[in-house]
């Protein structure tokens with residue numbers, strides 16, 4: 001399938017990719033620079049958040065490269081072919097980065113042992129399966145609706161796990177940590193809820209009906225939501241890790 005993009009649309013998409021790369025790398029560097037203000041037991045969480053941002057930055061680099069190679073002038077070839085553009089790179093990255101977010105959320109609260117293992121053993125497999133289904137749907141348009149429904153059911157299960165079990169665990173945290181964590185969780189869940197919409201924007205029927213505007217909207221919104229769900233998420237994790245460090249006895253340096 002070939003999309004005819006205007007010069008403005010082509011520039012909007014490519015500049016969005018470049019913005020994402022720079023913002024994600026900057027967030028990773030900032031996180032690593034906060035190590036001296038974080039207790040050792042929380043530093044692994046900060047490092048994981050930085051790694052997550054680097055992985056996403058690399059995926060955007062691949063998207064940028066693929067977009068250029070799939071373009072002939074302002075015409076863009078979309079599909080699963082070698083010289084075509086697709087969002088499968090995103091799902092390959094998400095299979096790694098979204099489970100990492102769960103590990104980070106559990107780790108920043110200082111949860112250990114059976115509680116930590118129980119949460120991760122339920123959340124991570126569900127996320128990996130959901131992302132794998134999304135990858136299949138992205139690679140095969142006829143299966144998009146079917147796997148989309150299945151992955152949406154898994155998504156609802158993941159949201160439940162992020163709310164119900166964590167609420168009982170937050171009771172043991174300080175009021176400040178509870179406020180920060182609940183705010184972060186609400187924002188992340190809200191952002192994640194937008195991804196199913198973006199998923200359907202890439203279907204061939206949606207592209208044909210919208211005269212390619214759905215593709216431009218999808219790629220632009222992906223950048224915005226990815227930056228919020230990775231960069232904003234990571235910065236808030238750095239803050240919570242610092243807050244927990246101060247509560248555990250590290251001197252507060254502002």
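Residue numbers (UniProt numbering): 1 to 254. Backbone N, C-alpha and C fix where the C-beta goes; we use that ideal spot for every residue, glycine too.
Three-state class that DSSP yields for residue i in the structure shown
i, result
"residue 75", "strand"
"residue 4", "strand"
"residue 256", "Nothing about residue 256 can be read from this structure; the chain reaches only from 1 to 254."
"residue 193", "coil"
"residue 38", "coil"
"residue 110", "coil"
"residue 212", "coil"
"residue 70", "coil"
"residue 101", "helix"
"residue 235", "helix"
"residue 167", "helix"
"residue 180", "helix"
"residue 174", "coil"
Residues bridged to residue i [DSSP beta-bridge criterion]
i, result
"residue 85", "78"
8 angstroms CB neighbourhood of residue i in its chain, flanking five on each side removed
i, result
"residue 23", "227 and 231"
"residue 21", "57, 60, 61 and 64"
"residue 98", "127 and 131"
"residue 143", "136 and 137"
Selection from the options that minimises the alpha carbon distance to residue i
i, options, result
"residue 154", "136, 130 and 144", "130"
"residue 7", "126, 35, 76 and 137", "76"
"residue 186", "214, 159, 33 and 171", "159"
"residue 29", "50, 14 and 249", "50"
"residue 188", "170, 149 and 233", "233"
"residue 90", "244, 248, 247 and 198", "198"
"residue 238", "136, 12, 33 and 25", "33"
"residue 118", "177, 162 and 174", "162"
"residue 92", "134, 110, 121 and 171", "134"
"residue 67", "25, 12, 109 and 114", "12"
"residue 249", "225, 84 and 40", "40"
Cβ-heavy atom distance, residue i to the ligand SAH, below 8 angstroms
i, result
"residue 183", "The model on display carries no ligand, and the ligand SAH is accordingly not part of it."
Contacting residues, own chain, Cβ-Cβ under 6 angstroms from residue i (five flanking each side not counted)
i, result
"residue 216", "9"
"residue 116", "106"
"residue 223", "16 and 20"
"residue 212", "3"
"residue 255", "A question about residue 255 goes unanswered here, because the residues of the chain that appear run from 1 up to 254."
"residue 191", "225, 228 and 229"
Rounded Cβ spacing between residue i and residue j (contact assumed at less than 8 angstroms)
i, j, result
"residue 104", "residue 54", "Not quite, the Cβ-Cβ distance comes to about 14 angstroms (not below 8 angstroms), so this is no contact."
"residue 78", "residue 71", "Rounded, the Cβ-Cβ distance is 11 angstroms, inconsistent with contact."
"residue 74", "residue 5", "5 angstroms"
Same chain, Cβ closer than 7 angstroms to residue i, five either side skipped, listed in chain order
i, result
"residue 145", "none"
"residue 122", "161"
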